[in-house]
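Chemist: Each number in the working numbering corresponds to the 1-based position in the sequence shown with 5 added.
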Amino acid sequence: MYKPILEIDLCKLKENARVEKTILAKHGIDVMAVNKVFDGCIETAKAVLDGGIDVIAESRTYNLKKLKDALNCKTCLLRSPCLSEISDVVKYADISLNSEKQVIQSLSDEAVKQQKVHQVLLMVDMGDLREGIWFENIDEIIDMVKLILALPGIELYGLGTNFNCYGTVLPTVKNGVDFLHIARKVEQTCSIKVRYLSAGNCTSYHLLDKNIWPEGLNHIRIGGLHEFGIEYVEMKYLDEFHHSNKPVGKACSNIYKLYAQIIELNSKPTVPVGELGVDAFLNSKTFIDHGTRKRALLAFGRQDVPAENCTPINDSITILGQTSDHTIVDIEDVPNTLRVGDVIGFELDYTALLMACQASGVDKRFIY
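#1: What's the C-alpha gap between Gly221 and Leu202?
#2: What three-state label does DSSP hand Cys170 in the structure shown?
#3: For Gly366, which residues of its own chain have a beta-carbon under 8 Å away from its beta-carbon, when the five flanking residues on both sides are left out?
#4: Please determine, among Phe43, Thr291 and Pro176, the residue with the shortest C-alpha to C-alpha distance to Leu281.
#5: Answer yes or no: do Ile47 and Ile372 have a C-beta to C-beta separation smaller than 9 Å?
#6: Is the separation between the beta-carbon of Ala62 and that of Leu82 shorter than 9 Å?
#7: So Asn271 and Arg300 are in contact, right, with Cβ under 8 Å, and what is the actual spacing, rounded?
#8: Look at the alpha carbon of Pro176 and the alpha carbon of Gly205, and state the distance between them as a whole number of angstroms.
#9: Whole angstroms are fine: how far does the CA of Phe43 sit from the CA of Leu11?
#10: Starting from Tyr373, follow the alpha helix (DSSP H) in both directions and report where the run begins and ends.
#11: Helix, strand or coil: which one does DSSP assign to Gly56?
#12: Is the Cβ-Cβ distance between Val174 and Pro219 less than 9 Å?
#13: When burial is assigned at 16 or more other CB atoms within 10 Å of the CB, is Ile100 buried or exposed?
#14: I'd like the list of long-range same chain contacts for Asp244, defined as Cβ closer than 7 Å, with 5 residues on each side in sequence excluded.
#15: Only counting the same chain, and skipping five residues up and downstream in sequence, which positions put a Cβ closer than 8 Å to that of Glu269?
#16: How about Leu154 and Cys195: are their beta carbons less than 9 Å apart?
#17: Go ahead and label Ala30 buried or exposed: buried means 16 or more other beta carbons lie within 10 angstroms of its beta carbon, across all protein chains shown.
#18: Can you tell which of Leu161, Ile34 and Asn21 has the C-alpha that lies nearest to the C-alpha of Asn223?
#19: Closest by CA to His295, which one among Leu127, Ala312, Ser289 and Leu325?
#20: Could you pull out every residue in the same chain whose Cβ sits closer than 6 Å to the Cβ of Gly132, ignoring the five residues on either side in sequence?
#21: Cα separation between Ala361 and His231?
#22: Taking contact to mean at least 3 C-beta pairs separated by less than 8 Å, is the segment 87-97 in contact with the segment 58-72?
#23: Do the segment 52-62 and the segment 16-25 make contact, defined as three or more Cβ pairs closer than 8 Å?
#24: Does Glu280 come out as helix, strand or coil in the three-state DSSP assignment?
#25: How big is the Cα-Cα spacing for Leu18 and Pro274?
#26: Just tell me which of Gln119, Gly234 and Asp368 has its CA closest to the CA of Ile28.
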């Protein structure tokens with residue numbers, strides 16, 4: 006082992022998918038599992054499929070290709086397609102999120118060419134200012150639905166919206182009901198029944214937890230719930246919103262660990278000696294003098310996983326900082342003797358997991 010190792014507990018991931026599927030089904034809500042944090046990892050996608058969720062969503066078409074080739078599962082492209090990738094989108098994605106007329110027309114043309122039916126989740130922007138037709142432009146939404154219904158090779162999977170990713174807009178009863186009203190207007194005008202009303206991501210789960218989920222919203226696109234066993238909860242205090250993480254049912258946590266090898270051990274001062282400038286990332290720093298303390302250099306750096314998103318498993322270890330290739334930790338208070346070649350473990354948050362899965366310098370190890 007010379008690369009850091011990301012350990013993923015597939016048993017816990019599978020169980021969380023099962024718990025998630027069961028909870029949502031009780032409320033009449035279908036779910037697609039977002040696998041994008043794992044960068045198209047086949048093993049994590051299979052664990053979620055084994056847990057009972059039957060649609061895997063990714064934001065990169067090349068990752069959907071990996072999943073189709075390996076698992077032949079139903080897939081969804083989470084990011085609106087580029088015109089230059091339409092052929093691959095139709096080939097490897099059963100569903101895609103869309104809001105552009107030209108892209109939808111191209112999907113239709115390509116689906117006819119490939120003799121396939123591609124499903125479109127038409128996105129409506131309810132205020133978060135990312136993808137989708139603006140919610141006030143109801144005539145534009147209706148016209149786009151009519152286009153989808155008229156074009157060959159494609160069909161309407163449903164209407165979707167998203168919250169909290171760019172504009173930090175929280176999913177609420179009001180914007181959920183407003184989204185529902187838009188769908189009902191579409192149904193009335195187009196004389197159809199919209200199969201799925203996809204009401205956001207895992208940040209929407211708190212509405213279910215509080216028993217205030219708007220009835221009629223029947224679909225959700227989720228990653229964080231099965232990936233970490235928690236929901237993101239908003240709490241209103243003095244008109245300010247704060248977020249916390251709350252366990253969901255009997256879902257498992259502590260699914261991921263990063264292990265890195267010690268490559269140097271020494272005792273050094275806690276304040277640098279000499280005139281200070283900026284670090285490798287052009288940040289100035291302030292140091293507090295704690296005397297001379299024992300420290301370890303680890304074989305991973307910021308180009309692998311950012312240290313501020315890691316927590317040492319051993320709480321007597323403190324992260325001091327990082328360069329691109331090194332992570333420096335204080336081990337003065339560790340009761341057992343550490344040696345060069347030993348490994349130190351960390352728990353990861355979402356950002357660290359995302360970076361670790363993307364990094365070519367991090368190997369994966371799975372617990373089955």
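Beta carbons are placed, not taken as given, at the ideal position from N, Cα and C, and that holds for glycine.
Modeler: From the atom records:
#1: Going by the C-alpha atoms only, they are around 8 Å apart.
#2: It is coil, neither helix nor strand.
#3: For Gly366, where only same-chain residues beyond five positions count, the Cβ hits under 8 Å are Lys8, Pro9, Phe305, Gln308 and Asp309.
#4: Looking at the Cα atoms, Thr291 is the closest of the given residues.
#5: Taking 9 Å as the Cβ cut-off, Ile47 and Ile372 do not qualify as a contacting pair.
#6: Taking 9 Å as the Cβ cut-off, Ala62 and Leu82 qualify as a contacting pair.
#7: The Cβ separation is near 7 Å, so the contact holds.
#8: If you take the alpha carbons of Pro176 and Gly205, they lie about 8 Å apart.
#9: One alpha carbon belongs to Leu11, the other to Phe43, and they sit about 11 Å apart.
#10: Under the DSSP assignment, Tyr373 falls outside any alpha helix (DSSP H); it carries neither an H nor an E label.
#11: In the structure shown, the three-state DSSP call for Gly56 is coil.
#12: Not closer than 9 Å, so no.
#13: Looking at its Cβ environment, which holds 16 or more other Cβ atoms inside 10 Å, Ile100 is buried.
#14: Bear in mind that a pLDDT of 39 at Asp244, under 50, signals an unreliable position, so the number given afterwards is only what the model happens to contain. Correct list: empty, nothing qualifies.
#15: Closer than 8 Å at Cβ, skipping near neighbours: Ala301, Leu302 and Val345.
#16: Yes, they are a contact pair.
#17: The residue is exposed, with fewer than 16 neighbouring Cβ atoms inside 10 Å.
#18: Looking at the Cα atoms, Ile34 is the closest of the given residues.
#19: The option with the nearest alpha carbon to His295 is Leu325.
#20: Result list for Gly132: Val174, in chain order.
#21: Cα to Cα, the separation comes out at about 18 Å.
#22: Yes, since at least three Cβ pairs between the segment 87-97 and the segment 58-72 fall closer than 8 Å, the two stretches touch.
#23: Contact holds: three or more Cβ-Cβ distances are below 8 Å.
#24: Coil, per DSSP.
#25: Roughly 43 Å separates the two Cα atoms.
#26: The residue with the shortest Cα to Cα distance from Ile28 is Gly234.
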